[in-house]
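Peer 1: Per numbering that gives the first Met the number 0, residue 0 is the first one in the sequence shown, and the count goes up by one each step.
Where is the CB? At the ideal position from N, CA and C, for every residue including glycine.
Quick one: the structure is below, and I'll ask about it shortly.
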Amino acid sequence: MDNLSDALEKLKLASSDSATDSVEGCLDCLLKALANNNTEASMKIQEMAVLPLLPGLLKPESSYTPKVANIIAELAKNEFIRSPCVEAGLIPPLIQLLNSSDQEVLLQTGRALGNICYDSHSLQAQLINMGVIPTLVKLLGIHSHNTALTEMCLIAFGNLAELESSKEQFASTNIAEELVRLFQKQTEHEKKEMIFEVLAPLAENDAIKLQLVEAGLVECLLQVVAQTVDGEREEDIAQLKTASDLMVLLLLGDESMQKLFEGGKGSVFQRVLSWIPSHNHQLQLAGALAIANFARNDGNCIHMVDTGIVQKLLDLLDRHVEEGNVTVQHAALSALRNLAIPVVNKSKMLSAGVADVVLKFLQSEMPPVQFKLLGTLRMLIDTQAEAADQLGTNGKLVERLVEWCEAKDHAGVMGESNRLLSALIRHSKSKEVVRTVIQGGGVKHLVTMATSEHMIMQNEALVALGLIAALDLVAAEKDFVGASLVSVLHKLLSDERSAPEIKYNSMILICAVMGSEPLHKEVQSLAFIDVVSKLRAHENKTVSHQASLTEQRLTAQS
Numbered sequence: 000m001d002n003l004s005d006a007l008e009k010l011k012l013a014s015s016d017s018a019t020d021s022v023e024g025c026l027d028c029l030l031k032a033l034a035n036n037n038t039e040a041s042m043k044i045q046e047m048a049v050l051p052l053l054p055g056l057l058k059p060e061s062s063y064t065p066k067v068a069n070i071i072a073e074l075a076k077n078e079f080i081r082s083p084c085v086e087a088g089l090i091p092p093l094i095q096l097l098n099s100s101d102q103e104v105l106l107q108t109g110r111a112l113g114n115i116c117y118d119s120h121s122l123q124a125q126l127i128n129m130g131v132i133p134t135l136v137k138l139l140g141i142h143s144h145n146t147a148l149t150e151m152c153l154i155a156f157g158n159l160a161e162l163e164s165s166k167e168q169f170a171s172t173n174i175a176e177e178l179v180r181l182f183q184k185q186t187e188h189e190k191k192e193m194i195f196e197v198l199a200p201l202a203e204n205d206a207i208k209l210q211l212v213e214a215g216l217v218e219c220l221l222q223v224v225a226q227t228v229d230g231e232r233e234e235d236i237a238q239l240k241t242a243s244d245l246m247v248l249l250l251l252g253d254e255s256m257q258k259l260f261e262g263g264k265g266s267v268f269q270r271v272l273s274w275i276p277s278h279n280h281q282l283q284l285a286g287a288l289a290i291a292n293f294a295r296n297d298g299n300c301i302h303m304v305d306t307g308i309v310q311k312l313l314d315l316l317d318r319h320v321e322e323g324n325v326t327v328q329h330a331a332l333s334a335l336r337n338l339a340i341p342v343v344n345k346s347k348m349l350s351a352g353v354a355d356v357v358l359k360f361l362q363s364e365m366p367p368v369q370f371k372l373l374g375t376l377r378m379l380i381d382t383q384a385e386a387a388d389q390l391g392t393n394g395k396l397v398e399r400l401v402e403w404c405e406a407k408d409h410a411g412v413m414g415e416s417n418r419l420l421s422a423l424i425r426h427s428k429s430k431e432v433v434r435t436v437i438q439g440g441g442v443k444h445l446v447t448m449a450t451s452e453h454m455i456m457q458n459e460a461l462v463a464l465g466l467i468a469a470l471d472l473v474a475a476e477k478d479f480v481g482a483s484l485v486s487v488l489h490k491l492l493s494d495e496r497s498a499p500e501i502k503y504n505s506m507i508l509i510c511a512v513m514g515s516e517p518l519h520k521e522v523q524s525l526a527f528i529d530v531v532s533k534l535r536a537h538e539n540k541t542v543s544h545q546a547s548l549t550e551q552r553l554t555a556q557s
């Protein structure tokens with residue numbers, strides 16, 4: 000340490016009169032001490048106030064600049080020295096050095112900046128604001144033959160790409176072309192993994208997704224899949240997963256997805272289709288997720304249903320009833336749900352037996368599968384009276400829905416169960432379905448659903464309850480009383496925040512339950528007439544008209 004102290008004193012003197020040889024000797028001593036015991040040497044350097052000298056030594060034309068940048072990189076391996084490096088004003092001169100043509104200067108400068116900003120989003124954001132991204136992308140293009148420099152750029156990109164503020168800057172460069180070109184040259188697994196680690200966060204940005212597709216990344220990914228699909232080595236399995244996951248991510252962008260779909264004739268789309276019957280679970284998963292992503296507009300959905308994709312997905316699900324791979328089940332159900340959105344697809348999918356296959360997963364205990372199963376059935380029966388009737392009289396299904404309506408730990412499953420229960424009644428308008436729901440104990444859940452914070456769910460519940468009252472009030476009477484339906488309706492009508500359609504459907508329901516003696520008494524005891532008469536002045540004409548009709552009904556039966 001004495002040698003280090005001497006060297007630091009000499010450096011202070013030498014740096015003031017710019018004696019190159021003396022400075023170089025001192026720098027060598029510092030590097031040796033840091034290599035020997037980095038933490039102790041760093042503390043000594045900080046203690047002797049040498050950091051403020053270093054910005055002056057970072058001269059672009061100086062022969063010792065790479066050593067100074069190397070010392071900063073070594074110092075900044077220690078967390079305690081990073082803030083002092085910033086305070087000493089090291090970041091601006093280091094950024095200037097990124098314009099150097101000396102590869103050793105560039106390498107050590109990149110290391111120094113990377114270590115100073117390691118794990119600090121605020122410092123990384125500062126680098127982004129100082130324009131470091133276009134500079135690094137340019138460096139990657141110029142020095143792609145230099146392995147060490149390339150790796151330095153990739154590590155920097157990986158760190159910076161995590162920040163949302165970086166995406167716009169990356170999108171304004173030719174990063175996509177550079178990374179794809181670099182990827183095409185790689186043969187080693189580790190190098191490909193490094194590039195993948197940069198591509199994944201970048202591909203979360205829609206503009207960059209499209210740039211990557213146009214730069215030919217998809218072809219690279221398909222090649223990786225083909226090379227690794229039958230591999231049993233860990234690195235093959237890892238690469239297959241990374242490549243297929245990235246492929247699915249690229250399809251999340253509307254423009255990139257549509258470009259690859261090419262009207263259903265695209266070679267990429269066809270290749271992805273071939274993954275679904277594969278024996279590899281990772282490819283099955285990626286194939287099903289890709290179909291779910293392609294199925295994000297009606298045109299694509301209609302084309303895919305007409306070209307037989309539904310059967311491929313049903314075959315896949317059938318294979319996983321017993322095998323039970325939850326991620327594959329979830330992905331295939333997601334694809335079916337999306338495909339069922341266009342009205343013209345619903346009857347075709349029902350005829351293909353989609354509902355029957357989906358019902359095989361009714362016993363699943365996995366909330367993600369339950370959630371997608373419910374969503375798929377709800378999409379299928381929308382406007383399909385016969386299917387709603389058939390499913391609504393399925394006692395096992397209704398029993399399971401009622402059970403899931405109480406799944407308080409899984410809000411999504413609970414919400415979808417309620418919505419499907421309501422949809423079965425609304426789309427079938429069947430007395431048998433209403434009876435099945437009443438017998439299954441579903442009425443109280445629909446009353447609770449009417450108090451949801453989501454207006455669409457409130458409305459669906461009120462319409463279903465109105466149908467129950469109209470089709471079988473006698474059978475529902477006890478459940479309506481037990482669930483305090485009349486009190487819930489009073490609150491909805493009294494609440495100024497209730498939407499016009501909520502007020503309208505609540506009044507329709509009040510009129511419908513007046514035929515029941517106990518419910519009629521509750522209506523009278525809560526002085527509904529006062530609330531309803533105020534609504535006659537409502538700005539919405541439909542609401543004010545219904546208020547007049549409801550008031551007349553209440554007056555006549557008081």
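1. Between residue 326 and residue 391, how many whole angstroms is the CB-CB distance? I'm expecting something under 8 Å.
2. Starting from residue 327, trace the alpha helix (DSSP H) both ways and give me its first and last residue.
3. Where does residue 404 sit, in a helix, a strand or coil, going by DSSP?
4. So what does DSSP say about residue 144, is it helix, strand or coil?
5. Is residue 173 helix, strand or coil by DSSP?
6. When the Cβ atoms of the segment 402-410 are set against those of the segment 377-385, are three or more pairs found closer than 8 Å?
7. Going by CA-CA distance only, name the one from 41, 276, 287, 439 that's closest to residue 75.
8. Residue 71 and residue 89 - do their beta-carbons sit closer together than 9 Å?
9. Looking only at C-alpha atoms, which of 255, 441, 134, 93 sits nearest to residue 394?
10. Assuming residue 179 contacts residue 219 (C-beta within less than 8 Å), just tell me the rounded distance between them.
11. Check the C-beta distance from residue 471 over to residue 512 and give it rounded, since I have them as a contact under 8 Å.
12. Which word fits residue 448, buried or exposed, when buried means at least 16 other C-beta atoms lie within 10 angstroms of its C-beta?
13. Indicate whether the contact test is met: 3 or more Cβ pairs, each with one atom in the segment 258-266 and one in the segment 311-331, closer than 8 Å.
14. Return the first residue and the last residue of the alpha helix (DSSP H) that residue 79 is part of.
15. Go ahead and label residue 509 buried or exposed: buried means 16 or more other beta carbons lie within 10 angstroms of its beta carbon, across all protein chains shown.
16. Report yes or no: do three or more beta-carbon pairs, one from the segment 160-169 and one from the segment 141-150, lie closer than 8 Å?
17. Under a three-way DSSP split, which group does residue 62 fall into?
18. In whole angstroms, what is the alpha-carbon distance linking residue 295 and residue 217?
19. My guess is that residue 26 and residue 63 are in contact by the Cβ rule of under 8 Å, so how many angstroms apart are they, rounded?
20. Quick check on residue 0: does DSSP put it in helix, strand or coil?
21. Check whether the Cβ of residue 70 lies closer than 9 Å to any Cβ atom in chain B.
22. Going by other Cβ atoms of all chains shown within 10 Å of its Cβ, with 16 needed for buried, is residue 44 buried or exposed?
23. Under the three-state reduction of DSSP, which class applies to residue 275: helix, strand or coil?
24. From what residue to what residue does the alpha helix (DSSP H) around residue 554 run?
25. Beta-carbon separation of residue 527 and residue 553 under 9 Å?
26. What does a CB cutoff of less than 7 Å around residue 371 pick up in its chain, not counting 5 residues either side in sequence?
27. Just tell me which of 284, 128, 248 has its CA closest to the CA of residue 323.
28. Using a Cβ-Cβ cut-off of 6 Å (strictly less than) and excluding sequence neighbours within five positions of residue 457, which residues of its own chain qualify?
29. For a test of the three-state rule: what should DSSP assign to residue 496, helix, strand or coil?
30. Please report the distance separating the alpha-carbon of residue 352 from that of residue 368.
31. Just to confirm the assignment, what range does the alpha helix (DSSP H) spanning residue 191 have?
32. Determine the burial state of residue 496: buried for a count of at least 16 other Cβ atoms within 10 Å of its Cβ, exposed for fewer.
33. Leaving aside the five residues before and after residue 377 along the sequence, list all residues of the same chain whose C-beta is less than 8 Å from its C-beta, in chain order.
34. For residue 205 and residue 252, which I take to be in contact (beta-carbon distance under 8 Å), what is that distance rounded to the nearest angstrom?
35. Among the candidates 345, 279, 282, whose CA atom is the shortest distance from the CA of residue 309?
36. Distance, Cα to Cα, residue 0 vs residue 85?
Peer 2: Taking the coordinates as given:
1. Going by Cβ atoms, the distance from residue 326 to residue 391 rounds to 30 Å, so no, they are not a contact pair.
2. 325-338
3. coil
4. If DSSP states are grouped into helix, strand and coil, residue 144 belongs with coil.
5. coil
6. no
7. 41
8. yes
9. Of the listed residues, the one whose Cα sits closest to residue 394 is 441.
10. 6 Å
11. In fact, because the Cβ distance is near 12 Å, the residues do not count as touching under 8 Å.
12. Looking at its Cβ environment, which holds 16 or more other Cβ atoms inside 10 Å, residue 448 is buried.
13. As far as the Cβ criterion goes, the segment 258-266 does not touch the segment 311-331, which means the pair count is below three.
14. Counting along the chain, the alpha helix (DSSP H) containing residue 79 begins and ends at 78-86.
15. Result: buried.
16. no
17. coil
18. Looking at the two C-alpha atoms, the distance is approximately 20 Å.
19. 6 Å
20. Residue placement at residue 0 is flagged as unreliable, the pLDDT there being 49, under the threshold of 50; a coordinate-derived value is accordingly withheld.
21. Structure shown: chain B not included; a single protein chain is present.
22. buried
23. Shown here, residue 275 sits in coil according to DSSP, grouped into three states, outside any helix or strand.
24. Residues 540-555.
25. Closer than 9 Å, so yes.
26. The answer, listed in chain order, is 329, 332, 333, 336.
27. 284
28. 449, 451, 501
29. coil
30. 19 Å
31. 188-201
32. Classification for residue 496: exposed.
33. 415, 418, 419, 422
34. Cβ atoms of residue 205 and residue 252 come within 8 Å of each other, at about 4 Å.
35. Cα-wise, what sits closest to residue 309 is 345.
36. Because residue 0 sits at a pLDDT of 49, beneath the cut-off of 50, its placement in the model cannot be relied upon, and the following sentence gives the value as read from the coordinates. Spanning the alpha carbons of residue 0 and residue 85 requires a straight line of approximately 25 Å.
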